[in-house]
Structure formats: structure tokens, C-alpha cells
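Asker:
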RNA sequence: GCGGGCGUGGCGGAAUGGUAGACGCGACAGACUCAAACUCUGUUUCCGCAAGGAGUGUCGGUUCGAGUCCGACCGCCCGCACCA
């Protein structure tokens, strides 16, 4: 056996696996299946360490499950639509399609050397017409099922680029590219009716036992269920058709503290009033600024007294003014509220500004009513004294008062208890070229008409230009022209494309039948779904995962997925990032200059450039190109091999936490693999019939390692599995057992290492006479008998402090142990004649003597 | 503001309520070498020559026994945030 040369063995074994079709997923009804999926990458053109960590974790699971006899599906694809391709076309010329497919080829070439157990025959890109055509088919099915609709919605409009911007693209109220002040504009957009599933998406979270608690919580908060009272005010002086004003409140118990009613600037009544120039001016003022959270947060609360009045439901002689207020959201509740300044911070601010009454409904227990200088908002679980309550006791909690108020309102017939959700319908229209075209047609006679399924895919035209702002589809001379599928008259295609989150909301299902001429195939979906283990970043905790959960339900409703797949991901694991130190110097103008890790020399006190310049070392942060704290996986593979990179990203830190990439850590991983290699060579050179000592001990250690590594992988504790492998390696290394025992031990080590470092494992396996390919070999089985020790060493505590120990046969009865313990010299010394009050023997664990 | 998580050696981190610090990095010592690197062996929580003592953010509680459970506080991190 020669030197450890990763470059040689890695290429060799990858070819051997390909030849053996080792990772081809086949539907085998005789075997249990296991579907492991990592979140597919955006084809930026370069893989980074985060990808390496993500895909290595998935690979460990996939290889381990394969060894355990599962029929494994482990596919890979590309989340290939999106803005960067268009930006590249605008900045550097070229075509988004060419750019994207070129990047895919590059990234695939970078991924292959990692030796991932991927079934590449199932590879797909969301920009393949074969993929998005099926997505269009589902869009039409969902339209028919009433899950898709059009409505006018507020968007961030960039007046220079003439396009809609996502909230993330609005920076300080300006378009990120043009720098122009962003306007709010109302556009007719396509929506998925995710809100139809709000309640179900919330309650079903409880069933996702193998999801991180954190993600479930984040989703629950995002869906944002609230219960409260909806009721109608009778209006006075309102425009025609607005005899009543429906409002929603979660605090109906504060109704007697109301001092105004408010409506959203987008409320129909506001629109009805906009004939008044003063109203119109106010509405225009509200439209300034973006729709982002920041924009809204920093916006001043402004209101406009419409002159309309409403009658208080409990006292018709009491009239409240109706304001249009910019902080009221149209798409939550009814878009209208009543304000109770005494017990709501926002209403308090508003009332103070516009000189409205601030009337307490309740006061702290034992306190008298006094003018408020700030709103009084106690916990709902706290008991307070209701001085202007209208239902329930005087002294009660907010919760009880709310329930009593709802009951009373229903009894009096002026309102009803309702449940509301924060979750909005999902706007999917994007005025962009590089996305999945929305397959509908606009006909002068028939209106909005779904495209005929036989005309799918509605394919993106290639001959487009990006030399002008806006959506190239809008100005393409012929692409828009088509015949109305209904009446045959000349019509125009929809030019909006879908949000790229749509593409990633069902790719997991498509992988079960990636070449089918329907979105899915029932048999395949039935066999392969659900994803047993999904792995990806926490940054997708809400949107991607929630949309996928919605989409699976919608696919079930339209007949594309079985009922069991409405929660598509059985288990979710969110892995941490790969981080690195940042190296900074400052240029002559005081601006920071960052340096790549490979240009840095570490010294005792810190770090310098190669010319000796001192460098500031900033603690580890996410690898980012702008901070230059990146390590290119390709460089690591070139100098150490893929196995080292894989081993490193799994060791040290628990998978859910960030791991810091360090040169010394990479060295350590490489050294370890070299040591295993050398150990393998040493065992190979032992005389075949060599009889050593301690075979039984070595084999016991082997079974312990099998048990512990298995447990580590099962529990997603790869760092612990790796620690146990180090331990077992050291044990073999020190052993002087017989050749046959040593061979068995190192073959087992190879198999246990194989999910993490498959190439070196394969070499060792073959060299030590393992049958066939290591990748096809079954996972080692623990012999429980080998885990039982015949003797145990029990620590002896005296009053909880460890003072001595005693070695006894494992099956010695507690009473015998007690006698032995009390006869111990050290124990007698420590007791110094004091009487023993209590003696606790935990068999196989510990002894505690209490005096 | 609301919700959640986490505090253990010089560092990353182990520890079903049962010997705190597994494993790795780093450091130190030794072997090999003319020397260095590599490699190998050993030491490495702190105080102490030792015997021994102290120790898991702080304070208190439960328990024979607490890093682990409970309460309060301090610090750090994350998510959401005008949601009526």
C-alpha cells in the first residue's frame, strides 16, 4: 500500500461507483425507501463551503441509510430562475439562459469531486421547460380549483427601472439599482390562496415532531393566529353604501374606552371619499414611501378626520370620529379599527397627536383612576379592576374579560367572535423575464383566459434584450401575440412571471418522477414521498418551507400528490454556517482593506501579511466575498482531497451550529486520514498467522464503536460520531491483537467512516479484503453481548464528593457492594468513625455514602 | 415591544440527575534529526512542591447527588414587529 494520495483514489472510486450505478434510485417494493434531500442550490457558478457542509451532511445520511438496506433517493437540482441571471445580462451582456446553464455546468463539475452519493440521472433545473411547463400545468389546475386569483395590490415601484421591487431591493426608500425614490403603486397581481390553509398550516405544525422547535415557532408566529371580535358600527354621514363600518379587535373588553374609529388608506370607504381633494391629498401622502417594514416603522403616524361619525354599539347617542390613518393595514382583519388610547400604545400616540379623549377602561388592582401619561397595557393574564367594563366581573383578567365581552356582544347581536391570521395570500407576479411565465391569456372579448394545456409549456423567448429597463417580455414584438384559447380571436399573453419561490415549492415532488410528462406520477409519488430527511439553512425557516407546505396541500387538492404528502418533509434539519476569521488592514485613506486567508501568516501574537504588515483579526463570521474571509472548496480538494474537506466540516461543531473553518483544523483532518491510511498499511504488512494479545478487548472496543457511531449518525450528532471514530482509531493503533482481529477492526472502521469519508474507506475496505464495494456493504451490526463488561469500576462518593473507587463484578448485588465499600481503606479514612446515615448504590453507576 | 435560544479549560466542544472537561485544535516536554519540518510518546481546568482544595455566568432552591431540574438576576445571540 503506497502513500495516501487523495487525488488518485478519489477519482478512481468515483468512477467505480458510477460504473456500478451505486446511487441510482430504484423503486423496489421489497425494500423500505428513504428519501434524503438537501435544499437545492442557486447556480451562482461557484460552490462554497456552506454547500460542502450541507451536501456532506445529506450524503452521510444517504450512504448510511443505503448501508442499512434502504432504497435511497438522493437527488440534486438547480433553483435556476431569478434576478442574478438578468442582472448579469444587464451588466455584462449575454443571455440569462446561457449564463445560468453555464453556471450549472461549472457547479456540477465542482460538486462531482466531492463524491456525493447523488442519483445524477434525476438532475433537474427549474428553468428547464420540461420543469416549468409542468409548473404551468399545475398553475392552471390550481386556478380551476380556486387556489389562484388576481387582485390589485400595493407594490414597490421603481419609476426609473419601471419595475416592481421586492422589499429586500428597497434600500432607504430607494431602488437598489436605480437609486430612485420608490413609490407605492397599485398593480393587478396574481395570488395563491395560501390563507385558505392558515388554520391548517398552523395546527399541522404540532405533527411535525422531527422539525426543530424553533422553526415551528417561527412559522406559528408568521401565521399569527389571533381571536377577537368583529362588529359593525352604524355610520353617520358616510358615503352611499357604507351604512356600516366593520371593525376587528382583539380587545373587545376595552370598547367603553373607544375614542375614535380608523380605516386604512386602502379601505373602500377611503376610496369612496377620495372625491374630496383634501382626502385625496392625504391618500397621496400615504402612498409615498415603500411598503417595507422599515419604511412603515419609521413613518410618522398620520391621520385625517373624514367628518364621518360612527355610533358606539353600546350607546347609540355616543358618536366617534372616523379617521383615515396610515398605520392601518387593509389586509388584516377588516382594514378598520376602533381606537382605545388608554390601553394601546399606538392608539395613545395617535390620540395625543390629534387631541382625542383618553379614557381608562380598567386600572391596576387597588388603584384609583388617574389621568394617564402613558398607555396602561398589562399582561392579559393579569387581574385588573374594570371601571368601565361591560361584561364579566369588575375584578378579572384581560383574558376573562375578552371572553365575556365576545359572549356579551354575540348575545346582544352586535358582533361575533372571529379568528384572524396574519398570513397574507402569496403574491407571485413578478415583472421579470427570467422566471416561469404565468400561462394565461388576455382576450378583449373573454377577459383573462387560462392557456390551453396542450399549448404548454409557454416557453420563454430567447430573442430578448436587456438594454432597457423593464420586462423584456412586455416589448417583445411577437411573443405576446397569441390566439384566445376560448374564442380564437387574437389575444395577448400575460407577461408576468412567477416568483421563484414557486419553483422551489414542489421540486422535491418532481424528483420522484423528473422526466414525466405530467407534474408527478402517482406510483412514484406514492413510493418515494415524503422526504424523510430534509436538510438546509435556517434562513428558509419561514418562506420556502411554508410555501412548500402550502403547495403540497394544493397539489393534493389538484390530484398531483397523495394525501400522505400534504406535509412533504417528515424531518427537517437546519444546519449552521461555515465561518472564518476576517483579516483587515487600512489603506492610506483610512478605508478597510480585506485579505484572503491564504495571504495571511499566523504568528504567536496575531497575523501578518506575507510582507510582515500587521493585520487586524476580526472574529469569525459567515464567509462572504466582500470580507474576503472565504476558503474555496476547490482549493481544499486540490490540496487535501474531498475526504478531508468532508471530514472537517462535520467535525468540531454540532451540525446545527456554525463551524469555524481553520487551516489547522483542515490540517488535523488530513493528518488523521493519513494516520488511518498508515495504520491500514501497517496491518496489511502483519504476517497472516500472527497471534497477538487482547483480541477480545479489541473486538469489544469495535462493537462499542459500532454502537456509538451508529447512535451519533442516527441522532444527527456527526461531531460525536467523529470523536468516537478518533477514539476507536487510537484503540486499534495501540492494540497488539492478532492479524485477523486487527483486520476485522480496521475493516469495520472503514465501514463506519464511509458515510463521512467514502473514498479512503473504499480503499481500506478493498485492501483489507472486504467483499465487493464498501458502498454496497451492509452497516455493521452490534453484538449486544460484546457491550457487556464483566467488571465495573464504581466511583465512591462521600456526601456527594468523589473520594474513592471500587472495582466489582458487574452483576454483584447491591448488598455485597455495600459491604465492600464500607471495608475500603479510603472510605474508612474519610468516615473517621462517623456513623453512616445512608448508603446509596446505583448499580453499575455510582455509590454515595451519606454521613 | 412580543417570541425563542444559549452561557462549561487558551479555543471548538463532550457529559440518560450519577467520576465535569470525551474527541479535536493550540501549548509544553521528550524521542527521532547535524538542525528544522514531518512523525511518534507523554503532559495540559485552576491554586498548590505535595497532601489537598476550588471549579460549568451570578445568587438561591429541590435532591443522597445538579453543568443537567426549579426561581430570580446578569450577559450574549436569533426570529417577528404599526397585525388592532
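Numbering (my numbering), first residue to last: 255 to 1105.
Quick reminder that beta carbons are idealized off the backbone N, C-alpha and C, glycines included.
(1) Shortest alpha-carbon distance to residue 783 belongs to which of 774, 789, 528 and 541?
(2) With DSSP as the reference, please indicate the residues paired to residue 1059 in a beta bridge.
(3) DSSP three-state call for residue 1114: helix, strand or coil?
(4) Check this for me: beta carbons of residue 373 and residue 305, under 8 Å apart or not?
(5) Output needed for residue 1045: all residues of its chain with C-beta closer than 8 Å, excluding positions within five of it in sequence on either side, in chain order.
(6) Return the CA-CA distance between residue 651 and residue 593, expressed in angstroms with no decimal places.
(7) Mapping DSSP to helix, strand and coil, what is residue 353?
(8) Can you say whether residue 1125 is buried or exposed, counting buried as having 16 or more other CB atoms within 10 angstroms of its CB?
(9) So is residue 278 buried or exposed if we call it buried at 16+ other beta carbons inside 10 Å?
(10) Could you work out which residue in 601, 840, 621 and 619 is closest to residue 612 when comparing CA atoms only?
(11) What first and last residue would you give for the beta strand (DSSP E) that runs through residue 618?
(12) Thinking C-alpha only, which one of 541, 563 and 494 is nearest residue 515?
(13) Does residue 984 come out as helix, strand or coil in the three-state DSSP assignment?
(14) If you reduce the DSSP assignment to three classes, tell me which class residue 926 lands in.
(15) What's the gap between the Cα of residue 586 and the Cα of residue 843?
(16) Quick check on DSSP: helix, strand or coil for residue 589?
(17) Who are the Cβ neighbours of residue 263 in its own chain at under 6 Å, not counting the five residues just before and after it?
(18) Starting from residue 412, follow its DSSP beta bridges and name the residues at the other end.
(19) Where does the unbroken beta strand (DSSP E) through residue 868 begin, and where does it stop?
(20) Count the other CB atoms within 10 Å of the CB of residue 353; is the residue buried (16 or more) or exposed (fewer)?
(21) Do residue 840 and residue 867 have their beta-carbon atoms positioned less than 8 Å apart in this structure?
(22) State the beta-bridge partners of residue 475 as determined by DSSP.
(23) Excluding the 5 residues flanking residue 548 on each side, which residues of the same chain have their C-beta closer than 6 Å to its C-beta?
(24) In three-state DSSP terms, what is residue 828?
(25) What residue range is occupied by the uninterrupted alpha helix (DSSP H) comprising residue 705?
(26) In terms of residue numbering, what span does the alpha helix (DSSP H) encompassing residue 782 cover?
(27) Kindly indicate which residue of 459, 282 and 308 has the alpha-carbon position closest to the one of residue 804.
(28) Nearest-angstrom Cα distance between residue 272 and residue 361?
(29) Looking only at C-alpha atoms, which of 846, 878 and 759 sits nearest to residue 821?
(30) Just confirm the distance between the C-beta atoms of residue 302 and residue 887, as a whole number of angstroms; I'd bet it's less than 8 Å.
(31) Taking all protein chains shown into account, decide if residue 605 is buried (16 or more other Cβ within 10 angstroms of its Cβ) or exposed.
(32) Report the three-state DSSP secondary structure of residue 515 (helix, strand or coil).
(33) With a 10 Å radius around its C-beta and 16 neighbouring C-beta atoms as the bar for buried, classify residue 1056 as buried or exposed.
(34) Quick check on residue 550: does DSSP put it in helix, strand or coil?
(35) Based on Cα-Cα distance, which residue from 1082, 956 and 999 lies nearest to residue 1036?
(36) Note the first and the last residue of the continuous beta strand (DSSP E) segment covering residue 736.
Answerer: On the basis of the coordinates in this document:
(1) 774
(2) 1049
(3) The structure shown does not extend to residue 1114, since the chain is modelled only from 255 to 1105, so the question has no answer here.
(4) no
(5) 1061, 1062, 1063 and 1064
(6) 21 Å
(7) helix
(8) Residue 1125 lies beyond the residue range present for the chain, which begins at 255 and ends at 1105; the question has no answer from this structure.
(9) exposed
(10) 601
(11) 616-618
(12) 563
(13) helix
(14) helix
(15) 51 Å
(16) coil
(17) 1013 and 1017
(18) 417
(19) 868-876
(20) buried
(21) no
(22) Note: residue 475 sits in no beta bridge, so no partner.
(23) Because the pLDDT at residue 548 is just 44, under 50, the model does not fix this residue reliably, and the point stays unresolved.
(24) strand
(25) Premise fails: residue 705 is in no alpha helix (DSSP H) and is neither H nor E.
(26) 776-782
(27) 459
(28) 19 Å
(29) 759
(30) 7 Å
(31) buried
(32) strand
(33) exposed
(34) Bear in mind that a pLDDT of 49 at residue 550, under 50, signals an unreliable position, so the number given afterwards is only what the model happens to contain. Residue state, collapsed to three classes: helix.
(35) 956
(36) 735-737
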